[in-house]
Amino acid sequence: CRIINLPGGCPWFDLILLLQHVPKTNGDIPSFDEAFSDHRRLLDRLVLYGLVELKVNGDGNCQFRALSDQFYRTPEHHRFVRQQVVNQLESHPEIYAGYVPMDYREYLKKMPKIGEWGDHVTLQAAADLYGVKIFILTSFRDTCYIEILPVVQKSNRVICLSFWAEVHYNSIYPEGELPVVENR
1 CRIINLPGGC PWFDLILLLQ HVPKTNGDIP SFDEAFSDHR RLLDRLVLYG
51 LVELKVNGDG NCQFRALSDQ FYRTPEHHRF VRQQVVNQLE SHPEIYAGYV
101 PMDYREYLKK MPKIGEWGDH VTLQAAADLY GVKIFILTSF RDTCYIEILP
151 VVQKSNRVIC LSFWAEVHYN SIYPEGELPV VENR
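Counted the way the UniProt record's numbering counts, the sequence shown spans residues 1 to 184.
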């Protein structure tokens, strides 16, 4: 990761060079050693950029929980976020179908199910739906950072996630700005 200044982005992400990223489908779960190494790499990057994770449950809904936390300051609206993203996917198959590595109708049948993992297509649909940029700090060896741009930007808000490759998403914040979760 190299350093640059990005206009209008997260002030703490202005440090990261946006690397060109070519999405690829990887259905392989990493081995324990690979996962450990990837997690260490992600933790090192979080420290390097002064970021902390708000850890969300790893129950198959983590992408939607992390998005919910970024949009609504709670991971508990993940079902609503998932349904909104699925509605976006159903409403615009001409945009998304070509990026799904299976029959699109089958994809649309499985994605509403609680516990179904989100993917690069659901992230793009979320960016398009909410009209926001999504920045993802990753554990990938060759790409520390991914930027997902909406078709039409409706807000300057930036949604920030971490991605432990092929394992888990979390919501991320600058050190000292992690929201306090109230127990009710």
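Cβ coordinates follow ideal geometry from the N, Cα and C atoms, glycine included.
Please report the distance separating the alpha-carbon of residue i from that of residue j.
i, j, result
"residue 167", "residue 104", "24 Å"
"residue 120", "residue 158", "17 Å"
"residue 123", "residue 178", "22 Å"
"residue 172", "residue 54", "6 Å"
"residue 174", "residue 52", "6 Å"
"residue 127", "residue 33", "33 Å"
"residue 114", "residue 91", "20 Å"
"residue 169", "residue 68", "12 Å"
Ends of the beta strand (DSSP E) at residue i?
i, result
"residue 168", "168 to 174"
"residue 145", "145 to 148"
Using the DSSP secondary-structure output, state which residues sit across from residue i in a beta bridge.
i, result
"residue 162", "137 and 170"
"residue 51", "174"
According to DSSP, simplified to helix, strand and coil, what is residue i?
i, result
"residue 114", "coil"
"residue 31", "coil"
"residue 180", "coil"
"residue 21", "Only weak support exists for where residue 21 lies, its pLDDT of 38 falling under 50; the value from the coordinates is given anyway. If DSSP states are grouped into helix, strand and coil, residue 21 belongs with coil."
"residue 155", "coil"
"residue 38", "helix"
"residue 103", "coil"
"residue 56", "coil"
Counting contacts by CB-CB distance shorter than 7 Å, is residue i in contact with chain C?
i, result
"residue 145", "Going by chain labels, chain C is absent from the structure shown, which holds only one protein chain."
For residue i, report the span of its alpha helix (DSSP H) as first-last.
i, result
"residue 72", "62 to 72"
"residue 94", "93 to 96"
"residue 128", "120 to 130"
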